[in-house]
Amino acid sequence: MRLYKRISLAVLVVFVIAILLGSFAPVKSNKAEAASKKVVTFTMFSADATVQYHPDIFSTAIGQEIAKKTGVRLKIEHFVGMDQATKVSLMLASGDLPDLVYGSGEHKQFIQNKVLVPLEGYIQKYGTWTKKAYSEADLKKLRQADGHIYFLSYSRGEVSPSASGEGLWIMIDMLKKNNWPRLKYWEDLVPMLRDYVKKYPKYKGMPVIGMSAITEGARFYVIQDPATGLNGLIADTVQFDPKTYTASYDPAGIGMYKAYRALNQLWNEGLFDKEAFVQTYDQWQAKVAQGRVVTSWGRSWHYNNAFNTLRKNGEDDRILVPFGIVFKGVKKSRYIMLSSIGTRDGVSITKKCKDPVTAFKFLDSLLNPDIQKLMFWGIKGKDYLVDNKGKMYRTQAMIDKARDPVYQKQEGLGYWNIYPRWQLKLPDGNYVKPELDPDIAYMQWAPAQKQVLDAYKAKTFVEPPFADEPEMPKWGFAWEINVPPEKQKDIQVPLNIANDLARKYIPLLIMAPKGKYDEVWNKYKAEVRQKINAKVIADFYTEELRKRMEDWYGIKIK
Amino acid sequence: MESAIYYTSKKTFWQKVKEQKELVFMIFPFVLYVILFHYIPLWWWVIAFKEYRPYDGVWGSQWVGLQQFRDLFSDSGFWLAMRNTIVISFLKLVTSFAAAITLALMLNEVKNMLFKRTIQTISYLPHFVSWVVAASIVIGALAPESGVVNQVLMALKIIKQPVVWMGEGHYFWWILAISNVWKETGWNAIVYLAAMTSIDPELYDAASVDGCGRLQKIRYVTLPGIAPTISMLLILNVGWLLNAGFEQVLLLRNPLVQDYAQILDTYVLDYGITMYRYSYATAAGMFKSIVSILLVLFANKVAQKLNASTVV
Numbered sequence: 002m003r004l005y006k007r008i009s010l011a012v013l014v015v016f017v018i019a020i021l022l023g024s025f026a027p028v029k030s031n032k033a034e035a036a037s038k039k040v041v042t043f044t045m046f047s048a049d050a051t052v053q054y055h056p057d058i059f060s061t062a063i064g065q066e067i068a069k070k071t072g073v074r075l076k077i078e079h080f081v082g083m084d085q086a087t088k089v090s091l092m093l094a095s096g097d098l099p100d101l102v103y104g105s106g107e108h109k110q111f112i113q114n115k116v117l118v119p120l121e122g123y124i125q126k127y128g129t130w131t132k133k134a135y136s137e138a139d140l141k142k143l144r145q146a147d148g149h150i151y152f153l154s155y156s157r158g159e160v161s162p163s164a165s166g167e168g169l170w171i172m173i174d175m176l177k178k179n180n181w182p183r184l185k186y187w188e189d190l191v192p193m194l195r196d197y198v199k200k201y202p203k204y205k206g207m208p209v210i211g212m213s214a215i216t217e218g219a220r221f222y223v224i225q226d227p228a229t230g231l232n233g234l235i236a237d238t239v240q241f242d243p244k245t246y247t248a249s250y251d252p253a254g255i256g257m258y259k260a261y262r263a264l265n266q267l268w269n270e271g272l273f274d275k276e277a278f279v280q281t282y283d284q285w286q287a288k289v290a291q292g293r294v295v296t297s298w299g300r301s302w303h304y305n306n307a308f309n310t311l312r313k314n315g316e317d318d319r320i321l322v323p324f325g326i327v328f329k330g331v332k333k334s335r336y337i338m339l340s341s342i343g344t345r346d347g348v349s350i351t352k353k354c355k356d357p358v359t360a361f362k363f364l365d366s367l368l369n370p371d372i373q374k375l376m377f378w379g380i381k382g383k384d385y386l387v388d389n390k391g392k393m394y395r396t397q398a399m400i401d402k403a404r405d406p407v408y409q410k411q412e413g414l415g416y417w418n419i420y421p422r423w424q425l426k427l428p429d430g431n432y433v434k435p436e437l438d439p440d441i442a443y444m445q446w447a448p449a450q451k452q453v454l455d456a457y458k459a460k461t462f463v464e465p466p467f468a469d470e471p472e473m474p475k476w477g478f479a480w481e482i483n484v485p486p487e488k489q490k491d492i493q494v495p496l497n498i499a500n501d502l503a504r505k506y507i508p509l510l511i512m513a514p515k516g517k518y519d520e521v522w523n524k525y526k527a528e529v530r531q532k533i534n535a536k537v538i539a540d541f542y543t544e545e546l547r548k549r550m551e552d553w554y555g556i557k558i559k
Numbered sequence: 236m237e238s239a240i241y242y243t244s245k246k247t248f249w250q251k252v253k254e255q256k257e258l259v260f261m262i263f264p265f266v267l268y269v270i271l272f273h274y275i276p277l278w279w280w281v282i283a284f285k286e287y288r289p290y291d292g293v294w295g296s297q298w299v300g301l302q303q304f305r306d307l308f309s310d311s312g313f314w315l316a317m318r319n320t321i322v323i324s325f326l327k328l329v330t331s332f333a334a335a336i337t338l339a340l341m342l343n344e345v346k347n348m349l350f351k352r353t354i355q356t357i358s359y360l361p362h363f364v365s366w367v368v369a370a371s372i373v374i375g376a377l378a379p380e381s382g383v384v385n386q387v388l389m390a391l392k393i394i395k396q397p398v399v400w401m402g403e404g405h406y407f408w409w410i411l412a413i414s415n416v417w418k419e420t421g422w423n424a425i426v427y428l429a430a431m432t433s434i435d436p437e438l439y440d441a442a443s444v445d446g447c448g449r450l451q452k453i454r455y456v457t458l459p460g461i462a463p464t465i466s467m468l469l470i471l472n473v474g475w476l477l478n479a480g481f482e483q484v485l486l487l488r489n490p491l492v493q494d495y496a497q498i499l500d501t502y503v504l505d506y507g508i509t510m511y512r513y514s515y516a517t518a519a520g521m522f523k524s525i526v527s528i529l530l531v532l533f534a535n536k537v538a539q540k541l542n543a544s545t546v547v
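Shown next as structure tokens:
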């Protein structure tokens, strides 16, 4: 018995020591490390879902360099999953906020719930670089409804020459086999598509799909694009008439009728993907990557993985390129629109942050051109070179390396999109990002993509014949307007109901059997008219957009 | 009975606590758990009667009386969700009970231990797979072109063209029920198998002597033997009747079946939490809890009645 007690005592002692060591030792070493370098660590939440997140960006070569120069390290928690709104909603309800926050599409909720620190005072006091990188007009636009600035937008309304464009995406192989036609009208595209699928019904033993689309979950907006895109409208909550300065809202408008009837015809011919409405995003990506989707609806960033796979497999002529397809009679395609500055989101400091001054100084120091180069170009000599005129450039080998996801992850390249940045060029005349440089932009395309550009005598995919000249709506976008909480019930709830109705009826419209289309459409229209008061919504946006014209440009509309 | 009265009258409460301090000590964390996670949150029900905004705090938010409930009951979407919830969980309840009992009865008849164990292990394995994985297996299996279900049915010449299983509302209810059976039957059968082992073997011998065959033994010995277990589980499950399986529905639904897939939990998520209408979400959740309590009480009453009749 005594022996047993002794053994158990020994075990207990060992346990206690282990626990003490385990819990204290790493903290000590951390502190020592922090003290020697004087690096402050801030916590951050990022809802950015456009890049594969990095587990610890500040441990990469670029991240370490930035931490050394700014004295700040971020410990970033990334959003995972599909539904940002749920995550942000629960975060706000719990009150458990990090020091810095980036809410992406849900960023407005942080503003409306008054948990962010206004920045305009700090900009005045410490914003050395901010004042250089953002003009007075820019800052004016960043003022929210309550008159405060909460973030420095990263989106600056440039058309990137390396952007893969927007529109209806069409497979290169079909263009090649038709001798590079100039496509603009839906009516010209459809016969071509019909012939192509008839002639080449299989690719590598699998059926070829005439037209596909993403419809899963939050990405459902993609299948709403035809309604606006084909009719030459912008993809926004409301349409704004620049002559009368009034917004109009109609979830069952005449343009929609026409667009889905067109898709319905494809469906009944067997050209539209039979699985379109039951497939997941991954399944759609897989089909594109198998090279058997001839045309598809989707936004440029949805295609990245699939195109990389095709390129790796040497099937780059199965890649899709965008065309601003519209109905005959429509003058201009408006798939690509520019915002002078994104007024919706950016990195903000929360009221939970114990040292907002340091946090702001960090954001400001990111605008230092040296750090901007680190963030977007990488490390000198390794990721870019400088010629004797001071121009930054990349060799083909560097461009290829920068496209490799493994290298990106290890270097820390391509993870800095949401942070404040300069517009187009740095003060020394170099482009902020390598992608903005037209020479580098051209070099990054796959051989077949270069072939397309050469065939159409174009330099980029964001110019004719792929897209019409991009416009910049002076009033910005209605989808960037934050609906105040007290209007939630009158505006946001009906908008969500309208979205749910669209979710229900767009598939039914497209899949309607021959001759049944009008019946489904009438049902949809009746339900929309009964459930949604469009006038209240239109009036709200009219008022908000007019207010913007006044706040931003001093143009008063009565 | 007598001894219990004697016992309590002799010792005070605190004496008893002292005497059974080990037991009290053991139960303590669980009582604490229930208080922390089940009773304290009830306090938050107060926000169902307010227009709650996080920055105003619970007390700073405005009282709105029964407005949230009025909104809730006047929304046709809510009643649709209610219908779907009840239908889906009723389907799931019936199918999972029937399947689990059948499987348990069948396994009980198997005499080869190796075979029995193998089947049991295989059948309860899916229980340990999360719905995230299970849902993609289900969606993959039911895919029109590449899915195994369509391929098998086509090969057997049962159907001519691939069926878009996930695209039809009324299929969706059965897909939920059947995928739930696939995932949980093996696991649910365990408790019945356990109940069966406690049946006195002499009863079977007696039944044999009386000339019972296999099926008759199941009918007259096994089933009555596990009847108390069945009724108890049924009562317990009725309390969950308004929980139609949040994760499963969330992961399996798609726009085509929205009218059949919207259940109370997804409704709370879609029209409450993701729209930052915390009060509305709470009102819906509160309604659900109250109905659940009523259902349990009702089921309990029914069971008492039935028990009373069987005893006499």
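Protein sequences, first through last, are from chains A and B. First residue of the first sequence? That's 2 in the working numbering, and the numbers climb one at a time after it. First residue of the second sequence? That's 236 in the working numbering, and the numbers climb one at a time after it. All C-beta atoms in this analysis are idealised placements derived from N, C-alpha and C, irrespective of residue type, glycine included. Predicted model, so just to flag it, every value in this text is computed and none were measured.
Residue i versus the options, residue with shortest Cα-Cα distance
i	options	result
Arg-312 of chain A	A:Leu-234, A:Asp-371, A:Thr-351 and A:Ala-449	A:Ala-449
Ala-429 of chain B	B:Ile-465, B:Trp-417 and B:Ala-441	B:Ile-465
Lys-327 of chain B	B:Asp-505, B:Ser-414 and B:Gly-448	B:Ser-414
Asn-179 of chain A	A:Gly-166, A:Ser-165, A:Arg-195 and A:Val-407	A:Arg-195
Ala-516 of chain B	A:Tyr-518, A:Ser-90, A:Glu-528 and A:Ile-482	A:Ser-90
Met-512 of chain A	A:Val-52, A:Glu-270 and A:Met-257	A:Glu-270
Val-364 of chain B	B:Trp-417, B:Ser-433, B:Arg-352 and B:Leu-349	B:Trp-417
Asp-365 of chain A	A:Tyr-155, A:Ser-165, A:Gln-110 and A:Lys-88	A:Tyr-155
Under 7 Å by beta carbon: chain B residues contacting residue i
i	result
Ser-90 of chain A	Ile-508, Thr-509 and Tyr-511
Ala-86 of chain A	Thr-509
Phe-221 of chain A	Pro-490
Lys-505 of chain A	Pro-490, Gln-493 and Asp-494
Where residue i falls, given that 16 or more other Cβ within 10 Å makes a residue buried
i	result
Ala-33 of chain A	Unreliable placement is indicated for Ala-33 of chain A, whose pLDDT of 44 sits below 50; no coordinate value is reported for it.
Val-463 of chain A	buried
Phe-467 of chain A	buried
Ser-37 of chain A	Note on Ser-37 of chain A: pLDDT 48, under 50, position unreliable in the model; no value is reported.
Phe-263 of chain B	exposed
Gly-446 of chain B	exposed
Met-510 of chain B	buried
Leu-360 of chain B	exposed
Lys-29 of chain A	Model confidence at Lys-29 of chain A stands at a pLDDT of 43, short of 50, so the residue's coordinates are unreliable; what they give is reported in the following sentence. Looking at its Cβ environment, which holds fewer than 16 other Cβ atoms inside 10 Å, Lys-29 of chain A is exposed.
Asn-31 of chain A	Only weak support is given to the placement of Asn-31 of chain A: the predicted model assigns it a pLDDT of 46, under 50, and the question is left unresolved by the model.
Ser-311 of chain B	exposed
His-108 of chain A	buried
Ala-424 of chain B	buried
Start-to-end residues for the beta strand (DSSP E) that takes in residue i
i	result
Trp-285 of chain A	Counting along the chain, Trp-285 of chain A falls outside any beta strand (DSSP E), though it belongs to the alpha helix (DSSP H) covering 282 to 290.
Glu-107 of chain A	Premise fails: Glu-107 of chain A is in no beta strand (DSSP E) and is neither H nor E.
Asp-242 of chain A	240 to 242
Opening and closing residue of the alpha helix (DSSP H) in which residue i lies
i	result
Val-473 of chain B	458 to 473
Thr-42 of chain A	That residue, Thr-42 of chain A, is in no alpha helix (DSSP H); its beta strand (DSSP E) goes 41 to 47.
Gly-122 of chain A	121 to 127
Ala-412 of chain B	404 to 432
Ser-311 of chain B	311 to 344
Arg-530 of chain A	518 to 532
Per-residue contacts from residue i into chain D (C-beta, under 8 Å)
i	result
Leu-499 of chain B	Given the protein chain composition of this structure (A and B), no chain D is represented.
Listed by chain order, chain B residues near residue i by CB distance under 9 Å
i	result
Glu-270 of chain A	By Cβ distance, chain B contributes nothing, its closest Cβ being about 16 Å from Glu-270 of chain A, past 9 Å.
Under 8 Å from the C-beta of residue i: neighbouring residues of chain A
i	result
Arg-288 of chain B	Asn-114 and Pro-486
Asn-489 of chain B	Thr-216, Glu-217, Phe-278 and Val-279
Whole-angstrom C-beta distance between residue j and residue i, which should lie under 8 Å
i	j	result
Phe-363 of chain A	Val-433 of chain A	Phe-363 of chain A to Val-433 of chain A, Cβ: 19 Å. No contact.
Ala-134 of chain A	Leu-368 of chain A	5 Å
Thr-61 of chain A	Glu-412 of chain A	6 Å
Under 8 Å by beta carbon: chain B residues contacting residue i
i	result
Leu-93 of chain A	Pro-289 and Tyr-511
Chain A contact residues for residue i, given Cβ-Cβ distances below 9 Å
i	result
Gly-295 of chain B	Neighbours of Gly-295 of chain B on chain A: none; closest Cβ ~12 Å, over 9 Å.
Amino acids of chain A, ordered along the chain, whose beta-carbon sits closer than 7 Å to that of residue i
i	result
Gly-402 of chain B	Phe-278 and Val-279
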